[in-house]
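A short worksheet on the structure shown next.
Protein chains in written order, with this note's numbering: chain A, 59 to 475; chain B, 59 to 475.
Here it is as structure tokens:
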């Protein structure tokens, strides 16, 4: 993509309405636009990052047998009422603009989670132990009427969610799948370069059993976790009990953390409310045992921006960077020669399947280099009079200090790694 | 995918609440689930089809320079009011579940179109003729409070939309892009196997100029078009004038049609409302000239289902079929041998990158073959005792009558075409 054609432009100006670091950098870099509190547009570069996050999530969830579908946002009152969730604080309710004869017909709760809908659908397809286990998921926009949306993409009123639901004939089978999902989540967060701690927490209204969250230590987080410096012990403050930290002489430390995922044993709460039953091998009718598992891709995007940055801007990990290379032609006296060389390298990199943002704009060297630091693409490649005179290119990794003069062959070898 | 593991199951039962052919077949085939009037879930097979439609749209829109982004659904009152669209019939309005201190803060109109939002965003990035032209699009869920949702996926309250917006410095430039979009739409509908007629229609409230729709002739359509049997003349009933059909001796015929796309010159209506101005080459401040262009992917999905079917079920065109091959093992006496052969072919086809639905269920031949007709995958491949005894396979195209006995090599050659 040529930067002169990119819809967004970077900006030096800090956004006054944004306290959070992730939103500041993402707005200034041209990744997102703030529409209202907790509601953002993903601009082309932001959507590129989000789609890379989504692709990683899809790969790992497909690998554990998840089948992707897409449920609606408009969910009728009768669905919510069955499980007692019509009058929760976070639900947005709709009405139609003008008074119509049947007002009720336009009354929906916007989907903020989809246990109700998926359980109702599952009654069409699950009748016997032969139909189990099953797992389905969606990556979808969710809506929550947060009183105080904050933290940029960390807590919004409109955000994306990967929600996975699983159906089992026995608790044992649920527990096995629960462990599989935990493994898949570890793989996902590792690929996303996020160090996410598997954290024990309470089950809220649903269960007295412990459930688990994935927490990324960061001062911008809303949660507090207590974790061991040596072993994998990590508990949410809500349930933390030092007596449970046994057989390890590591130190317990506490820190703020961002919840990027959670796994949950629903048991039979929803299957009982919706009469989702199956005939077991003995011919007995039993409620299906369910689990639900979430990751918020837009929150993950915000978390990555919050974690990977320095005073100059963002530092995208390779796996989710909007582009792999930021190619910059520093046009000086010999601008035609430099443009030609940059254009030719741009075409070559694209033909090799490398994603390139090519800064072909008529701006000063300082402006271009500052923009590159703000946008945070992993590899910055500069062609200038100086490099051209030596028949070389300058490459600088965004996450390293020094730059290197290399020839084209060396550059390609470095980018292919 | 093994059919025994597929989340959905086909059903012989007609849905009483559905009058439309597309919804009947899509529900019975396990492509969609009806949540409420005009609101559907896309089940895994339905989502596969939708994603293929989306991929074709993306390719052609990217090819004319469209940059994909994703705007929000929650749009504040102040946005809608600027262009006078807060009190339109089709808008869904939200409120929060419980009474909060600031009620207004939870009042949004759900996005049913995004001229308001994109124009507001564009003021951040478009200031000069150097920033023009630009075009951006999204594929997003839209919401319209239709009084009487009908026609299955043809008119819903919740549906997907590809909405493209373009920005120009002159009417001439807009008109050139308008023609480019028309060309791209012709390519898209051709790839989707839909014969879509470019149809002249009126400009509604926005413009006295003619605009264009793409109409697929079908009795389920809500529009009526008048078209020439010989030339490209086609007008929507709303503006039809026989005197405009000149220089052609073809017959004018009229028919019901489904609108699958539209292109629209917005002019300066929104840029003036939002002060989206640019400095032209002469240094004068001018409002940006805009166009907007829509295709409804879920409506396209419904249209394809409505057009391509017979009394037994759906007949997917290759480009959007959920799978390329429906492999069926007809297990009889020698079931182990047949299963082994089918399983081995399944693995082979997948390793060649062919998308296969493998019916490995323990059902009768009749049930399996009826299901295959209902689901409508283009190539049905049967392995049975009869075929195995000749070291052959039976292949039948869903859109042809006869079947053929071929060996594996011939099969692979046929599927690669």
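The beta-carbon is built from N, C-alpha and C at its ideal position, and this holds for glycine as well.
Within the region 124-136 of chain B, those residues whose Cβ lies closer than 8 Å to any Cβ of chain A are, in chain order, 125, 126, 127, 128, 129, 130, 131, 132, 133 and 134.
In this structure residue 234 of chain B is exposed. Its beta-carbon is surrounded by fewer than 16 other beta-carbon atoms within 10 angstroms. Assignment of residue 103 of chain B by DSSP, reduced to helix, strand and coil, places it in the helix class. Of the candidates B:342, B:117, B:443 and B:358, B:443 places its Cα closest to the Cα of residue 391 of chain B.
Between the region 284-292 of chain A and the region 244-254 of chain A there are fewer than three inter-stretch CB-CB distances shorter than 8 Å, so the stretches are not counted as touching.
By the Cβ neighbour-count rule, residue 423 of chain B is exposed, with fewer than 16 other Cβ atoms within 10 Å of its own. From the listed residues A:270, A:358 and A:71, the smallest Cα separation to residue 108 of chain A is found for A:358. With contacts defined as CB atoms closer than 8 Å, residue 150 of chain A and residue 167 of chain A qualify as a contacting pair.
If you check each beta-carbon in the region 214-242 of chain B against every beta-carbon of chain A, the ones closer than 7 Å belong to 215 and 216. Rounded to whole angstroms, the gap between the alpha carbons of residue 195 of chain B and residue 124 of chain B is 6 Å. Here the alpha carbons of residue 465 of chain A and residue 448 of chain A stand approximately 9 Å from one another. In this model, residue 313 of chain B and residue 364 of chain B are separated by some 15 Å (Cα to Cα). Under the three-state reduction of DSSP output, residue 365 of chain A falls in the helix class. By DSSP's assignment, residue 328 of chain A forms no beta bridge with any residue.
Inter-segment contact for the region 395-406 of chain B and the region 335-354 of chain B is absent: fewer than three beta-carbon pairs are separated by less than 8 Å. Shown here, residue 313 of chain B sits in a strand according to DSSP, grouped into three states.
Exclusion of the five residues before and after residue 189 of chain A leaves 183 and 336 as the residues of its chain whose Cβ lies within less than 7 Å of its Cβ. Nearest C-alpha to residue 176 of chain B among A:98, A:257, A:421 and A:111: A:98. Closest option to residue 418 of chain A, judged by alpha-carbon separation, among A:410, A:412 and A:429: A:429.
For residue 462 of chain A, the CB contacts under 8 Å within the same chain, skipping 5 residues up- and downstream, are 452, 453 and 454 in chain order. Taking CB atoms only, residue 179 of chain A has a neighbour in chain B less than 8 Å away. An exposed status is given to residue 309 of chain B, since fewer than 16 other beta-carbon atoms sit within 10 Å of its beta-carbon. The closest CA to that of residue 389 of chain A, considering only A:293, A:229 and A:440, is found on A:440. Per DSSP, reduced to three states, the secondary structure at residue 219 of chain B is strand. Residue 249 of chain B: member of the alpha helix (DSSP H) spanning 229-249, first to last residue. Exclusion of the five residues before and after residue 435 of chain A leaves 374, 379, 380, 381, 382, 383, 384, 415 and 456 as the residues of its chain whose Cβ lies within less than 8 Å of its Cβ. At least 8 Å separates the beta-carbon of residue 68 of chain B from that of residue 96 of chain B. Under the three-state reduction of DSSP output, residue 431 of chain B falls in the helix class. The beta carbon of residue 460 of chain A lies closer than 8 Å to those of 454 in the same chain, with the five residues before and after it left out. Under the three-pair Cβ rule at 8 Å, the region 321-332 of chain B does not count as touching the region 201-208 of chain B. Listed along the chain, the chain B residues whose CB falls inside 8 Å of the CB of residue 98 of chain A are 130. Just measuring C-alpha positions, the residue of B:273, B:282, B:230 and B:446 sitting nearest residue 395 of chain B is B:446. Following the DSSP letters along the chain, one finds residue 86 of chain B in no beta strand (DSSP E) but inside the alpha helix (DSSP H) bounded by residues 79-86. Taking a beta-carbon distance threshold of 8 Å, residue 278 of chain B does not count as an interface residue toward chain A. Contact with chain B is absent for residue 429 of chain A, since none of that chain's Cβ atoms lies less than 8 Å from the residue's Cβ. At a cut-off of 8 Å between beta-carbon atoms, residue 66 of chain A makes contact with chain B.
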